[in-house]
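Q: The sequence shown maps to residues 1 to 257 in UniProt numbering.
All C-beta atoms, glycine included, are put in the ideal place defined by N, C-alpha and C.
In this text the structure is predicted, and so the values were computed from the model without any measurement.
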Amino acid sequence: MKTFNYGEDELQALDLYQPKEWNGKTLVLIHGGGWWQGDKGKEKEVATGLATEGYQVAALNYRLATQAKNLFPTQDEDVEAAYTWLLKNIPDFKADNIAFIGGSTGGHLAAYLGLTKGRPFVSLSGLLDLKGFYENHKETIPKQLIIAPDLPSKKIDQAGANDSYYKWIIENLLASINDDSLEKASIFSKVTKKSGPGLLCNSMNELVPAYEHQKLAELLRQEQISVETCLLSGSRHGEAYIDDIWPNLLNFLKRYI
């Protein structure tokens with residue numbers, strides 16, 4: 001694994017995992033963390049597993065929204081900048097041989113890239129509808145749910161009642177809260193006829209409502225774009241259920257890249 005910087009900020013960095021026998025395809029893997037925490041190092045286990053399957057994997061960091069800095073759309077801009085940097089600087093990294101993968105807010109960012117770049121994407125519990133998510137949670141008291149920096153993404157347990165925290169996530173990301181800002185930060189408006197196919201997964205009773213992926217799936221189908229979904233029982237969030245959907249993930253990647 002090698003680390004590269006795609007921008008001037010220390011968080012504008014990526015880890016590149018090389019398989020023993022490369023299949024010519026690259027996966028861009030994006031961590032979650034509510035747009036304000038998380039790190040590419042938490043993706044090591046998943047990245048290594050994907051590299052074992054023959055994929056080159058680029059696990060991204062991006063600038064985090066903290067203390068009223070790096071607000072939306074900083075994270076969208078960073079993952080797009082990382083994608084552009086990879087195209088220009090990594091040999092044999094080609095736009096028609098890549099897919100984007102992420103869990104939680106990483107799933108949101110993976111969907112953003114897939115929809116706007118016309119490439120396959122996998123969203124595991126991606127928070128897609130910021131307007132609906134914000135309006136359906138209780139009034140907030142600022143709170144930070146700290147997740148150990150060395151805890152792998154697939155082992156994070158987000159089950160339980162944290163309504164105040166989850167509403168705070170949105171307030172921490174946006175410069176102002178209104179219908180326009182919430183809709184601009186949501187994913188649905190990014191769907192076009194040129195968007196890429198998606199694999200959308202959720203648990204039935206987790207913090208991100210399953211309707212968000214169902215709505216995105218409907219929008220993609222309206223544009224005659226291929227989409228696959230998987231709905232799991234329980235409350236596991238994001239990469240916490242990745243072992244269960246691993247066959248779905250690999251089959252999706254084989255079909256579309």
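Please name the residue or residues paired with N5 in a DSSP beta bridge.
A: Residue mapping note: residue 5 aligns to position 5 of the sequence shown, counting from 1. N5 pairs with A13.
Q: Between which two residues does the beta strand (DSSP E) harbouring S123 extend?
A: Taking the sequence shown and counting its residues from 1, one reaches residue 123 at position 123. Taken as a continuous stretch (DSSP letters only), the beta strand (DSSP E) holding S123 covers 121 to 124.
Q: Can you pull the DSSP bridge partners for L250?
A: To locate residue 250, count along the sequence shown from 1; it is residue 250. None, per the DSSP bridge assignment.
Q: Does DSSP put V208 in a helix, a strand or coil?
A: Taking the sequence shown and counting its residues from 1, the one referred to as residue 208 is at position 208. DSSP places V208 outside both helix and strand once states are collapsed to three, so it counts as coil.
Q: Starting from residue 292, follow the alpha helix (DSSP H) in both directions and report where the run begins and ends.
A: Residue 292 lies beyond the residue range present for the chain, which begins at 1 and ends at 257; the question has no answer from this structure.
Q: Using a threshold of 8 Å, state whether the C-beta atoms of K215 and D129 are closer than that.
A: To locate residue 215, count along the sequence shown from 1; it is residue 215. To locate residue 129, count along the sequence shown from 1; it is residue 129. Yes, the Cβ-Cβ distance between K215 and D129 is below 8 Å.
Q: On the criterion of 16 or more Cβ atoms from any shown chain inside 10 Å, does Y17 qualify as buried, or is it exposed?
A: Within the sequence shown, residue 17 is the residue found at index 17, counting from 1. Burial call: buried.
Q: What three-state label does DSSP hand F72 in the structure shown?
A: The residue given as residue 72 occupies position 72 in the sequence shown. Looking at F72 - three-state DSSP - the assignment turns out to be coil, as it is neither helix nor strand.
Q: Going straight from the alpha carbon of Y62 to that of Y55, what length do you get?
A: By 1-based counting over the sequence shown, the position of residue 62 is 62. By 1-based counting over the sequence shown, the position of residue 55 is 55. Roughly 22 Å separates the two Cα atoms.
Q: Under a Cβ-count criterion, where at least 16 other Cβ atoms within 10 Å of its own Cβ denotes burial, should Y211 be classed as buried or exposed?
A: On the sequence shown, residue 211 is found 211 positions in, with the first residue counted as 1. Label assigned to Y211: exposed.
Q: Quick one: grab the DSSP three-state call for E228.
A: Along the sequence shown, read from residue 1 onward, the residue named residue 228 stands at position 228. In the structure shown, E228 sits in a strand (DSSP, three-state: E or B).
Q: What does DSSP give as the partner residue(s) for S233 in the beta ladder?
A: As a first step, residue 233 must be located in the sequence shown, where it is residue number 233. DSSP output for S233 lists no bridge partner at all.
Q: Does V191 come out as helix, strand or coil in the three-state DSSP assignment?
A: Sequence index remark: in the sequence shown, residue 191 carries index 191 (1-based). DSSP places V191 in coil when its eight states are reduced to three.
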